[in-house]
Amino acid sequence: MTSRRAFMTMSVAAAAAVTGTLLTGRTVSADDELEFPYNVAFTQKHQGHWEGKAGTHVPKVEITDTEIIVTTPHPMSEKHYIVRHTIVDSKGTPIGEHTFAPTDKTAVSKYPLPANSSGKKFYVTSFCNLHDLWIGKFKI
Ligand SMILES: [Fe+2]
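Structural data, given as structure tokens:
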């Protein structure tokens, strides 16, 4: 059973992940009207009904001097593939997004490193056409 605190943490992360398309520039708090039940979005810690799928669905992030490289180590085929990556900052402002085709060989996307991003927290999402929305976070 998930504790209320863990649920709220996941809800905030999920809300922050979708604010890029729903509420651009708005800060989401735990008591915001945007709350999600368990099994809407998934993380390394909260794999929900997709328990065991985190290894191939949670996006990995590499930071270089000039860019953010997002990789989802997931097979790509016509029937099962990563559809999209999105990065938002801690206030939900979109930083970058990329839509994949099932014919892409890998789920790797690259984004310019935002100015003045050192020390700031970001959220990254990876959406699988069969296994839903997965969320990671990283700090530059
Ligand atoms: Fe998948």
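Letter by letter, the sequence shown follows residues -30 to -1, 1 to 110 of mature numbering (1 follows the signal peptide of the UniProt record, and there is no 0). Where a beta carbon is used, it is the ideal one built from N, C-alpha and C, also for glycine.
For ligand 1, I want to know if residue 103 counts as a neighbour, meaning its beta carbon is within less than 7 Å of at least one of the ligand's heavy atoms. Here residue 103 corresponds to residue number 133 of the sequence shown, with the count starting at 1. No, since every heavy atom of ligand 1 falls outside the 7 Å radius drawn around the Cβ of residue 103.
Run the proximity test for residue 19: is its beta-carbon closer than 7 Å to any non-hydrogen atom belonging to ligand 1? Locating residue 19 in the sequence shown gives position 49, where the first residue counts as 1. Residue 19: no, Cβ never under 7 Å from ligand 1.
Leaving aside the five residues before and after residue 26 along the sequence, list all residues of the same chain whose C-beta is less than 8 Å from its C-beta, in chain order. Against the sequence shown, residue 26 aligns to sequence position 56. Contacts found: 42, 43, 44, 45.
Which full runs of the beta strand (DSSP E) of 3+ residues lie inside the stretch 81 to 110, going along the chain? 91 to 98, 102 to 109
Which same chain residues, not among the five before or five after residue 67, have their C-beta less than 6 Å away from its C-beta? Position 97 of the sequence shown, counting from 1, holds the residue named residue 67. Closer than 6 Å at Cβ, skipping near neighbours: 56.
With respect to the beta strand (DSSP E) encompassing residue 55, which residues constitute its N-terminal and C-terminal limits? Mapped onto the sequence shown, residue 55 falls at position 85. Here the beta strand (DSSP E) through residue 55 covers 52 to 59.
Specify the secondary structure class of residue 26 as computed by DSSP and reduced to three states. Within the sequence shown, residue 26 is the residue found at index 56, counting from 1. In this structure, residue 26 counts as helix in the three-state DSSP scheme.
7 Å Cβ shell around residue 86 - same chain, five flanking residues per side excluded: Your numbering for residue 86 matches position 116 in the sequence shown. Hits under 7 Å: none found.
For the stretch 28 to 35 and the stretch 92 to 102, state whether three or more C-beta atom pairs, one from each stretch, are separated by less than 8 Å. yes
Should residue 37 and residue 82 be called a contact, given that it needs their Cβ atoms to be closer than 8 Å? Numbered from its first residue, the sequence shown carries residue 37 at position 67. Numbered from its first residue, the sequence shown carries residue 82 at position 112. In contact: residue 37 and residue 82 (Cβ atoms closer than 8 Å).
Straight-line CA distance for residue 110 to residue 53? On the sequence shown, position 140 is the one that residue 110 refers to. On the sequence shown, position 83 is the one that residue 53 refers to. Approximately 25 Å, taken between the alpha carbons.
Only counting the same chain, and skipping five residues up and downstream in sequence, which positions put a Cβ closer than 6 Å to that of residue 1? Residue mapping note: residue 1 aligns to position 31 of the sequence shown, counting from 1. Bear in mind that the predicted position of residue 1 carries a pLDDT of just 49, short of 50, making it unreliable; the figure below should be weighed with that in mind. There are no such residues.
Limits of the beta strand (DSSP E) - the one that residue 40 falls within: By one-based count along the sequence shown, residue 40 stands at place 70. That run of the beta strand (DSSP E) goes 37 to 42.
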